[in-house]
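Novice: Mind having a look at this structure? Questions to follow.
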Amino acid sequence: MKQTIEYDDLIIRHLINETTSDEEVKLQQWLNESDDHRKYYEQAERLWELAGAYHPAFAENSERDLERTEERLTDYPAPRIVFIKKVYRMAAAVAAILVIAIGAFYLLKSLPAGSSEKIALLSTDNIVHQILPDGSEIWLNRNSSLTFEYGREKNRTCILSGEAFFQVKHDSLHPFEIVTRAAIVRVLGTSFNVKTITRSNETEVLVSEGKVSLTPVNSSVQSVILPSGSYAKANPGSVVERKDKFVRTNYLSWKTRILVFRDTPLDSALADIEQCYGITFDHAGTDISGYKLTARYVDEQLPDVLAVLQATLGLSIEFSGGNTYRLFSSEP
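The sequence shown maps to residues -3 to 328 in the working numbering.
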């Protein structure tokens, strides 16, 4: 995808409707060259839509705003997988930094003084770690998206689809809230995990430190306060499950890269490995009910994990395309 670097400015110009007819032809020819090019463009377009359109009037201090934005960005570590970083001066003189990476996108729009900042993050094949302008940290799991808006006179608000772990910097004047389709999570300063489940329209919250409040979006009931170590699940109308002492060893393995199994039924172990590495196991036609796994993996690469599974359980594993691996018995 190295060639895409040449087309980043062209893609951005297209998204803000500033391309000439010749540039449009050039872009279309490039898109038609390969499915990878089209996927690259579609991900950039999705991020642009996620961030929301913003068209401010021209401001005399726009160049100064851009310089301040660039200075702030140097203080924050970029997503781990970034290989492109460009600054593009829009016709409306708003600062926009678009970072396009393999499996991750990052966009920061710097708005006029007194307004708010909006960040959009989109992960596809990789986990994205980002420090937000308020100093909070987030880890965005694969196939997830998040927007963050922050202003001096506003709460710190995230809109999340998918899964993310938050380590929130304390700020009593600006509560931090995560909004999903099912619930709203509010905190002042703590660390916790939020996961949205699309098929059931539910939201899970696991609190690592501090306390958070959980409020179903369509409920008239009071918020549920969740202390450290607790877990809850909510749909738009109610909190459907709550555990004050939640123990699931590998729940955060996608972030920690640590997997621990102690005589664990294989179907449960495979589910945890799928969550950690963003893959799918296909064991249709293979009876795995009698298998159990005892192992510990710390920041291991997927091929090493699969090799241990094959060696210890006597099973065969084959890559079958996409992110899917077929698991079957080695015995004839």
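All C-beta atoms, glycine included, are put in the ideal place defined by N, C-alpha and C.
To the nearest angstrom, how far is it from the Cα of Glu145 to the Cα of Asn122?
Specialist: 23 Å
Novice: Alpha carbon to alpha carbon, how far is Ile127 from Lys165?
Specialist: 10 Å
Novice: Under a Cβ-count criterion, where at least 16 other Cβ atoms within 10 Å of its own Cβ denotes burial, should Gly359 be classed as buried or exposed?
Specialist: The structure shown does not extend to residue 359, since the chain is modelled only from -3 through 328, so no value can be given for it.
Novice: Tell me the DSSP secondary structure of Lys114 in three-state form.
Specialist: strand
Novice: Looking at the structure shown, is Val259 part of a helix, part of a strand, or coil, going by DSSP?
Specialist: A small fix is needed here, since residue 259 is Asp in this sequence, not Val. Here Asp259 sits in strand by DSSP.
Novice: Write down the C-beta distance between Val203 and Gly225 rounded to the nearest angstrom, noting that I regard them as a contact closer than 8 Å.
Specialist: 7 Å
Novice: To which residues does DSSP link Phe242 through a beta bridge?
Specialist: None, per the DSSP bridge assignment.
Novice: What's the gap between the Cα of Phe188 and the Cα of Tyr321?
Specialist: 31 Å
Novice: Should the segment 275 to 292 be regarded as contacting the segment 231 to 246, the criterion being three or more beta carbon pairs within less than 8 Å?
Specialist: Not touching, per the Cβ criterion.
Novice: Quick one: Cα of Ile269 to Cα of Val183, how far?
Specialist: 30 Å
Novice: Going by C-alpha to C-alpha distance, which of Ala179, Asn139, Thr143 sits closest to Cys272?
Specialist: Asn139
Novice: Would you call Ile174 buried or exposed, if buried means 16 or more other Cβ atoms sit within 10 Å of its Cβ?
Specialist: buried
Novice: Bridge partners of Trp135, per DSSP?
Specialist: His125, Phe161
Novice: For His33 and Trp26, I'd like the C-alpha separation in whole angstroms.
Specialist: 7 Å
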